[in-house]
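See structure below.
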Amino acid sequence: MARLLGGRTPGLRTSPHPEPGDLDYRLTPGALAALVPAAVLVPIVERDGGPTILLTRRTTHLTNHAGQVSFPGGRLEAEETDPIQTALRETEEEIGLGRRHVTLIGRLDEYVTGTGFRIVPVVGMVQPPFDLEPDPFEVEEVFEVPLAFVLDPANHQLCSREHQGRSRHFYAMPYEGHYIWGATAGILVNLYEVLAGR
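Residue numbers (the working numbering): 860 to 1057.
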């Protein structure tokens, strides 16, 4: 995985198969400049039964993406310029996973959301044992999804929804009662593409 992720130049992506009417398609230079920079950690946990991806479900009272499944992460603070440090800091704050447990192996394509964020996904291997302390204000639940599930394209659902008169295309990956969709699913599809050499 480190070989596949470490030697590539990340690109930029939005919703899958965008068309001129799509909500996530309006990426003029001015629109790109106005996006909020953010970073997430894509934590791959080295379990005995096979690697897993650690995800969170956000609490329902948050302003952005309430109740949704997400990676640990968030926006860059005013003094931050390195998205890697942001991803590690936010991971510590949100779920209590110390950076000493994370070995960084690369980055995926930046992902632009319809809500105005430009996300840098940072991939890291996580070696157990570790203890988590989720922030109860931000995190409702922490769970893991087998990497094998993510790497099976049969689990990648391409969906479409109307929002304010426009079509929005997005990926979804329902898993054991968790609805993984939007940016999180899109980033996981990108991980699949990189690891599958696509």
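We treat Cβ as the ideally placed atom computed from N, Cα and C, and that holds for glycine.
Around the C-beta of residue i, are 16 or more other C-beta atoms found within 10 angstroms, so that it is buried, or is it exposed?
i	result
His-920	exposed
Arg-1027	buried
Arg-977	buried
Arg-906	exposed
Ala-946	buried
Ala-1007	exposed
Ser-1019	exposed
Ala-893	exposed
Gly-880	Summary for Gly-880: the model assigns pLDDT 40, below 50, so the residue's position carries little reliability; its value from the coordinates is reported in the next sentence. Exposed: under 16 other Cβ atoms inside 10 Å.
Leu-1057	The question names Leu, but residue 1057 is Arg in the sequence shown. The residue in question, Arg-1057, is exposed, as its Cβ has fewer than 16 Cβ neighbours within 10 Å.
Glu-938	exposed
Leu-864	buried
DSSP state of residue i, grouped into three classes?
i	result
His-1015	coil
His-920	coil
Phe-976	strand
Phe-1029	strand
Leu-1054	helix
Phe-1002	strand
Ala-893	coil
Arg-1020	strand
Thr-940	coil
If I'm right that residue i touches residue j with Cβ under 8 Å, what's the distance once you round it to whole angstroms?
i	j	result
Gly-955	Glu-992	3 Å
Phe-1002	Leu-914	6 Å
Val-982	Ile-903	7 Å
Pro-896	Arg-934	7 Å
Inter-stretch contact (C-beta, 8 Å, three-pair minimum) for the region 1013–1022 and the region 983–991: No: the two stretches stay apart, fewer than three of their Cβ pairs being nearer than 8 Å.
Cβ contact check for the region 1045–1055 and the region 955–968: 3 or more pairs under 8 Å: Contact holds: three or more Cβ-Cβ distances are below 8 Å.
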